[in-house]
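Remarks on the structure that follows.
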Amino acid sequence: MAPRIVPPKVYYRVFVVLILLTLATTGIAYLDLRFLNPVAAITIAVCKASLVVLFFMHVRYSVRLTWVFLCAGLLWLTVLIGLTLSDALTRDWLPVPAPWSATASKNRR
-10 MAPRIVPPKV YYRVFVVLIL LTLATTGIAY LDLRFLNPVA AITIAVCKAS
40 LVVLFFMHVR YSVRLTWVFL CAGLLWLTVL IGLTLSDALT RDWLPVPAPW
90 SATASKNRR
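Mapping the sequence shown onto the numbering used here, position 4 (from 1) lands on -7, and the numbers just tick up by one.
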């Protein structure tokens, strides 16, 4: 299979989109979205990583075997994150003790 020649215009467009997504990440960092801040930042990061993998690493124009290995890697990453979360979310956490100054002030009375 002959290598596909990608016009430079595609790379420029992807670069502009990456810059816009970087600015969006910076803008979201200054917004108070409570628990959605990390979700929004990770979503934008996944979009940027997808663009880099698809266009700059030429996966978009690759053969199906490359896509199989890409999907296998993503599946393995999902399994590892799932196992880590299942451990962290089902663990009995110890309560955090009070700060030293609060404990000392209670002992004075």
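Note that beta-carbon positions come from the ideal geometry of N, C-alpha and C, so glycine has one too. The structure presented is a predicted model; accordingly, all values stated were derived computationally and were not measured.
Item	Value
Under a Cβ-count criterion, where at least 16 other Cβ atoms within 10 Å of its own Cβ denotes burial, should F138 be classed as buried or exposed?	This structure leaves residue 138 out entirely; the chain is present only between -10 and 98.
Which stretch, first to last residue, makes up the alpha helix (DSSP H) that contains A61?	R53 to L78
By how many angstroms is the C-alpha of K37 removed from the C-alpha of D81?	36 Å
Would you check if there are 3 or more beta carbon pairs closer than 8 Å linking the segment 42 to 60 to the segment -4 to 7?	yes
Which parts of the segment -10 to 61 are runs of the alpha helix (DSSP H), unbroken and 4 residues or longer, counting only runs that do not cross its ends?	-3 to 19 and 25 to 40
Suppose you measure from the CA of L69 to the CA of V57; what does that come to, to the nearest Å?	18 Å
Closer than 8 Å is the cut-off here; do at least three beta carbon pairs connect the segment 3 to 20 with the segment 28 to 37?	yes
Determine the direct distance from the alpha carbon of L78 to that of T67, and round the result to whole angstroms.	16 Å
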